[in-house]
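Report on one structure; see the data block that follows.
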Amino acid sequence: MKHAFSFQKQNNSFFYEAPDYSLRKQSNKIGFLLCGAIAAMYLFSYALQWFLIGIGYQKSTYNEAISILNYLLNGSVSILSMLLPAVIFIAIFKLNLTNIIVTEQVKPAVGISFFFIGATICLLANFPSNWISAMLENFGFQGSSQSIPVVPTIPSYIMNALATAVVPPFVEEFLFRGVILSQFRKYGDVFAIIASALLFGLLHRNFSQIVFAFICGLALSITLVRTNNIWIPVSIHMFVNGFYVLLNIVRFHCSTATYTAVFYIIILVMIFMSLFSVLYLLLKKKQISEFRPGVLSTGSSMVNLFANPGILIFSGICIIQSISRLGVF
Numbered sequence: 002m003k004h005a006f007s008f009q010k011q012n013n014s015f016f017y018e019a020p021d022y023s024l025r026k027q028s029n030k031i032g033f034l035l036c037g038a039i040a041a042m043y044l045f046s047y048a049l050q051w052f053l054i055g056i057g058y059q060k061s062t063y064n065e066a067i068s069i070l071n072y073l074l075n076g077s078v079s080i081l082s083m084l085l086p087a088v089i090f091i092a093i094f095k096l097n098l099t100n101i102i103v104t105e106q107v108k109p110a111v112g113i114s115f116f117f118i119g120a121t122i123c124l125l126a127n128f129p130s131n132w133i134s135a136m137l138e139n140f141g142f143q144g145s146s147q148s149i150p151v152v153p154t155i156p157s158y159i160m161n162a163l164a165t166a167v168v169p170p171f172v173e174e175f176l177f178r179g180v181i182l183s184q185f186r187k188y189g190d191v192f193a194i195i196a197s198a199l200l201f202g203l204l205h206r207n208f209s210q211i212v213f214a215f216i217c218g219l220a221l222s223i224t225l226v227r228t229n230n231i232w233i234p235v236s237i238h239m240f241v242n243g244f245y246v247l248l249n250i251v252r253f254h255c256s257t258a259t260y261t262a263v264f265y266i267i268i269l270v271m272i273f274m275s276l277f278s279v280l281y282l283l284l285k286k287k288q289i290s291e292f293r294p295g296v297l298s299t300g301s302s303m304v305n306l307f308a309n310p311g312i313l314i315f316s317g318i319c320i321i322q323s324i325s326r327l328g329v330f
């Protein structure tokens with residue numbers, strides 16, 4: 002069954018403007034939306050830091066209570082920095098939520114198949130990301146990003162799971178696979194997938210994480226486009242982030258050999274399930290949505306994506322911060 006594209010009901014101005022001009026204008030809006038997300042991230046992060054200092058937080062005395070509060074406030078920053086700019090964007094441009102939060106019915110077997118394929122691609126994205134991180138460290142740069150210190154208590158682990166595997170998947174999928182992808186889809190699904198994944202990668206502002214997030218963004222965007230159901234990429238995102246929460250616990254409590262075994266066993270199981278999922282989807286091709294063709298070529302669309310101040314400013318900020326995180330300055 003081919004799904005109907007409810008999100009095709011767009012602002013009528015699109016039909017009276019040249020597609021390249023319309024795309025540049027839309028990209029400019031998205032670029033400033035993401036600049037707002039970065040600004041909100043820093044604003045709320047600094048407020049968090051001052052709050053922790055005000056209650057006597059010191060890195061040398063990191064304990065369970067501070068750990069739980071840190072995770073709680075970091076989760077709050079994720080919500081406010083991603084959700085607030087998106088809500089303002091929706092209100093200003095009067096976007097229809099049904100075009101953003103698409104929830105078309107998907108057969109369970111099809112949804113599960115896309116879950117395994119998408120989650121496996123996201124997990125395998127670790128390898129190119131780790132290669133880039135290792136290469137940067139070999140040249141004397143800082144390759145990996147710093148994480149919140151682990152306090153080995155159950156309440157701390159629960160808050161870590163909430164702040165890592167629950168909150169970010171909801172707000173990031175709402176912003177990127179909801180708002181941004183839906184606004185780009187009228188210019189073609191292939192372009193929308195690549196553009197939203199690229200912007201998702203850049204927002205991470207760390208070269209190894211940019212590669213990881215870009216690959217994940219491709220998998221998550223393809224999943225949404227082929228199923229027209231945002232809850233499937235949300236579930237994939239939650240699983241992948243939860244995977245890292247689990248690995249952190251294993252790393253802290255077990256040996257390196259156990260950690261490595263858990264990592265590769267889960268990866269191999271997911272690859273095995275994905276192969277069956279691909280075979281199933283090939284047999285059930287008629288039940289999957291098709292890619293919507295673009296009004297411009299993908300190459301021309303990508304040029305227009307960056308031919309505006311909003312995306313250029315956002316990209317410049319992300320690249321400069323990525324360089325700064327190498328420890329260069």
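Residue numbering for the sequence shown follows my numbering, starting at 2 and increasing by one per position.
No residue lacks a Cβ here, since even glycine has one placed at the ideal position from N, Cα and C.
### Query
Candidates Phe-175, Leu-125 and Leu-247: which alpha carbon is nearest Ser-157's?
Numbered from 1 along the sequence shown, position 156 holds the residue referred to as residue 157. Ser-157 has its Cα closest to that of Leu-247, out of Phe-175, Leu-125 and Leu-247.
### Message
Measuring CB atoms only, is the region 223-233 touching the region 97-112, in the sense that at least three cross pairs come out at less than 8 angstroms?
### Response
yes
### Phe-244 versus Ala-19: straight-line alpha-carbon distance, rounded
Within the sequence shown, numbered from 1, the residue matching residue 244 stands at position 243. Within the sequence shown, numbered from 1, the residue matching residue 19 stands at position 18. If you take the alpha carbons of Phe-244 and Ala-19, they lie about 45 angstroms apart.
### Task
Could you pull the start and end residues of the alpha helix (DSSP H) that Leu-34 belongs to?
Numbered from 1 along the sequence shown, position 33 holds the residue referred to as residue 34. Its alpha helix (DSSP H) spans residues 20-55.
### Whole-Å CB distance - Val-180 paired with Ser-79, under 8 angstroms assumed
Taking the sequence shown and counting its residues from 1, the one referred to as residue 180 is at position 179. Taking the sequence shown and counting its residues from 1, the one referred to as residue 79 is at position 78. Wrong, their Cβ atoms sit about 16 angstroms apart, outside the cutoff.
### C-beta contact flag for Ser-302 and Phe-192 at 7 angstroms
As a working note, residue 302 is residue 301 in the sequence shown. As a working note, residue 192 is residue 191 in the sequence shown. Yes, they are a contact pair.
### Query
Anyone know if the C-beta pair for Phe-116 and Ile-195 falls short of 7 angstroms?
Stepping through the sequence shown from its first residue, residue 116 is reached at position 115. Stepping through the sequence shown from its first residue, residue 195 is reached at position 194. No. Outside cutoff.
### Task
Might you give, ordered along the chain, the residues of its own chain that have their beta carbon closer than 6 angstroms to the beta carbon of Thr-99, omitting 5 neighbours on each side?
Numbered from 1 along the sequence shown, position 98 holds the residue referred to as residue 99. Correct list: empty, nothing qualifies.
### Segment limits, alpha helix (DSSP H) that includes Phe-307
Residue numbering aside, residue 307 sits at position 306 when the sequence shown is read from its first letter. 299-307 is the extent of the alpha helix (DSSP H) around Phe-307.
### Query
In or out: Pro-86 buried (at least 16 other Cβ within 10 Å) or exposed?
Within the sequence shown, the letter at position 85 stands for residue 86. Its Cβ being crowded by 16 or more others within 10 Å, Pro-86 is buried.
### Task
Report the partner residues of Thr-104 according to the DSSP bridge assignment.
Along the sequence shown, read from residue 1 onward, the residue named residue 104 stands at position 103. Answer by DSSP bridge pairing, in chain order: Asn-230.
### Task
Please state whether DSSP places His-205 in a helix, a strand or coil.
Position 204 of the sequence shown, counted from the start, is the residue given in the question as residue 205. Note: His-205 maps to coil in three-state DSSP.
### Query
Any Cβ of chain C within less than 7 angstroms of the Cβ of Ser-183?
No chain C appears in the structure shown, which is made up of a single protein chain.
### Query
Going by the beta-carbon positions, is the gap between Gly-189 and Pro-109 smaller than 7 angstroms?
If you number the sequence shown from 1, residue 189 lands on position 188. If you number the sequence shown from 1, residue 109 lands on position 108. The answer is no: Cβ separation not under 7 angstroms.
### Task
For Phe-185, count neighbouring C-beta atoms within 10 Å of its own C-beta (all shown protein chains included) and say buried if the count is 16 or more, exposed if not.
What you label residue 185 is simply residue 184 of the sequence shown in a count that begins at 1. Its Cβ being crowded by 16 or more others within 10 Å, Phe-185 is buried.
### Task
Answer with buried or exposed for Lys-10, where buried requires no fewer than 16 other C-beta atoms within 10 angstroms of its C-beta.
To locate residue 10, count along the sequence shown from 1; it is residue 9. Caution applies to Lys-10, whose pLDDT of 45 falls short of 50 and renders its modelled position unreliable; the model cannot decide the point.
### Message
For Leu-35 and Ala-166, I'd like the C-alpha separation in whole angstroms.
### Response
Numbered from its first residue, the sequence shown carries residue 35 at position 34. Numbered from its first residue, the sequence shown carries residue 166 at position 165. Going from the Cα of Leu-35 to the Cα of Ala-166 covers about 22 angstroms.
### Task
Report back the beta-carbon spacing between Phe-201 and Phe-177 to the nearest angstrom; my notes put them in contact at under 8 angstroms.
Start at 1 with the first residue of the sequence shown, and residue 201 comes out as number 200. Start at 1 with the first residue of the sequence shown, and residue 177 comes out as number 176. 5 angstroms between Cβ atoms; contact.
### Query
Distance, Cα to Cα, Ala-308 vs Ser-23?
To locate residue 308, count along the sequence shown from 1; it is residue 307. To locate residue 23, count along the sequence shown from 1; it is residue 22. Approximately 12 angstroms, taken between the alpha carbons.
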